[in-house]
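Going letter by letter, the sequence shown gives residues 23 to 136 in the working numbering.
Here a beta-carbon is modelled for each residue, glycine too, at the ideal position from N, C-alpha and C.
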Amino acid sequence: MAKAEDSTADLTAQVSELEGQTADLTSELDAKTAALDAKTAEYDELASQPVAAAPAPEAAAPEQAAPPVAEPAQPSAYYKNCTEARNAGAAPVRVGDPGYGSHLDRDGDGVGCE
């Protein structure tokens with residue numbers, strides 16, 4: 023009978039230990055449930071607030087036309103040929119010089135009447 027009593031005592035101790043663990047887990051579950059309930063209430067409150075409308079996108083500024091490209095100034099001199107340029111004392115005539123023209127620059131190097 024002593025063996026049966028020992029087994030009963032062991033089982034009673036195990037049941038007591040399991041009841042204690044169950045109580046601990048129940049307390050932990052209750053705490054986590056309360057925290058979840060608080061977060062849910064916070065979420066519900068935020069979700070019930072109206073959301074401000076996003077500002078309307080600003081209208082794109084109208085594209086400004088590019089400023090007109092300055093046309094090269096008309097040369098103050100015009101030489102029909104290199105003889106005229108030489109007679110006027112302008113030869114050789116370089117690109118950008120008054121009177122330069124591609125018709126005076128046979129090799130296309132930017133210098134006419136060489």
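Exposure of residue i, with buried meaning 16 or more beta-carbon neighbours within 10 Å
| i | result |
| --- | --- |
| Ala-60 | exposed |
| Ala-63 | exposed |
| Ala-112 | buried |
| Tyr-65 | exposed |
Beta-carbon contacts of residue i that lie in its chain and below 7 angstroms, excluding the five residues immediately before and after
| i | result |
| --- | --- |
| Ala-45 | none |
| Ala-53 | none |
Sequence-distant residues of its chain with Cβ nearer than 8 angstroms to residue i (five each side left out)
| i | result |
| --- | --- |
| Leu-126 | Tyr-101, Asn-103, Cys-104, Ala-107, Val-115, Gly-134, Cys-135 |
Chain-order list of residues whose beta-carbon lies under 6 angstroms from that of residue i (same chain, five-residue window excluded)
| i | result |
| --- | --- |
| Val-117 | Gly-132 |
For residue j and residue i, believed in contact at Cβ under 8 angstroms, the rounded distance
| i | j | result |
| --- | --- | --- |
| Ala-99 | Ala-87 | That pair is no contact at about 34 angstroms. |
Checklist entry - Touching or not, the segment 126 to 136 and the segment 99 to 106, by the rule of three or more beta carbon pairs under 8 angstroms? => result yes
Item to check | Unbroken stretches of the beta strand (DSSP E), 3 residues or longer, contained in the segment 34 to 109 | outcome: none
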